[in-house]
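Inspection log for the structure reproduced underneath, given as structure tokens.
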Amino acid sequence: MSHDTHTPTKASAPPRLGLAFFRQDAITVARGLIGSTLVRRYRGRLRRARIVETEAYVGPHDLACHAAKGRTARTSTMYLPGGHAYVYFIYGMYDMLNVVTGPADDPQAVLLRAAEPLDAWPADLSGPGKLTRALHITRAQDALDLTGPALHFLPCPSPAPEIAITPRIGVDYAQHWKDAPLRFLDAASAAVSRRIRARYPLTSETRP
DNA sequence: GCATCGATGGTG
DNA sequence: ACCATCGATGCA
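For the first sequence, the working numbering gives the first residue as 29, with consecutive numbering after it.
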């Protein structure tokens, strides 16, 4: 095609999710990442995984969001424009991978909680700490550009999966925000138990 | 299936 | 003194 701006010599590499996607609000991005492909290049090796669980942290007014405590050394990357990684260390052992969303100085993020390995890669990615460990993602990737070669996303193929919505995990301290429906799951994934499906039936298929 | 607990260290 | 976790253990 005459107006194709990428990869003119190689045949169609799939388009990455770009800035227009990441600069949307955290809820939209959290939903949109379900079924998308996470691509990680580490020491010359390529790993791919299909995202099946995310959580949205929607801003300083969200008492479960790290930005609720204001701008600190740890949380400053959340204030970058959407499309950067926010990676933090917790419980003395685990790194958590988040996608910063929204415009600059609007600290929202999406936590990646679970994925399914692709390409017959035998890994357990069912949990945010396990996901980062398997993909070799640490604080060294904090503030990394998520449209670059080391770590990026490919859009969810259509049709988009059905999505279950529940409260977030591990935020019981967050007063009324602990119950906010901000966790998104691929309802058909093995990562979603029967109990979750029974308690949190699918919300109506929302507008695209 | 569910509840409880300890590991382990950055953070404010 | 927490904490956006995990794996082991115990019990049903």
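Yeah, the Cβ is synthetic: ideal placement off N, Cα and C, and Gly gets one too. What you are looking at is a predicted structure, and each value in this text was computed from that prediction instead of being measured.
Can you give the Cα-Cα distance for residue i and residue j, rounded to whole angstroms?
| i | j | result |
| --- | --- | --- |
| A142 | G87 | 22 Å |
| P195 | H180 | 27 Å |
| M106 | Y122 | 18 Å |
| T166 | L230 | 33 Å |
| L140 | G155 | 8 Å |
| C93 | Q136 | 8 Å |
| D133 | G98 | 11 Å |
| T56 | D200 | 23 Å |
| T100 | R227 | 37 Å |
| A95 | A39 | 43 Å |
| Y70 | N126 | 18 Å |
| L172 | T82 | 19 Å |
| L108 | G130 | 9 Å |
Identify which residue in the options has its Cα closest to the Cα of residue i.
| i | options | result |
| --- | --- | --- |
| A41 | L47, L91, A48 and V67 | V67 |
| T175 | A113, I193 and V138 | A113 |
| A190 | I79, R76 and A216 | In the sequence as presented, Ala is not what sits at residue 190; that position holds Glu. Taking only the C-alpha atoms, the option nearest E190 is A216. |
| R73 | D147, K158, S64 and G130 | D147 |
| E144 | G130, T160, A202 and I118 | T160 |
Thinking C-beta only, is residue j closer than 7 Å to residue i?
| i | j | result |
| --- | --- | --- |
| L170 | V115 | One detail in the question is off: residue 170 reads as Asp in this sequence, not Leu. Going by C-beta atoms, D170 is nearer than 7 Å to V115. |
| R51 | G110 | yes |
| A84 | L210 | yes |
| L213 | A188 | no |
| T65 | R78 | yes |
For residue i, does the three-state DSSP call read helix, strand or coil?
| i | result |
| --- | --- |
| T166 | coil |
| M124 | strand |
| T105 | helix |
| V115 | strand |
| Q136 | strand |
Following a CB-centred definition, is residue i positioned closer than 6 Å to any heavy atom of the ligand MN?
| i | result |
| --- | --- |
| C184 | The model depicted lacks the ligand MN and carries no ligand whatsoever. |
Report yes or no: do the segment 144-152 and the segment 39-55 share at least 3 C-beta pairs separated by less than 8 Å? no
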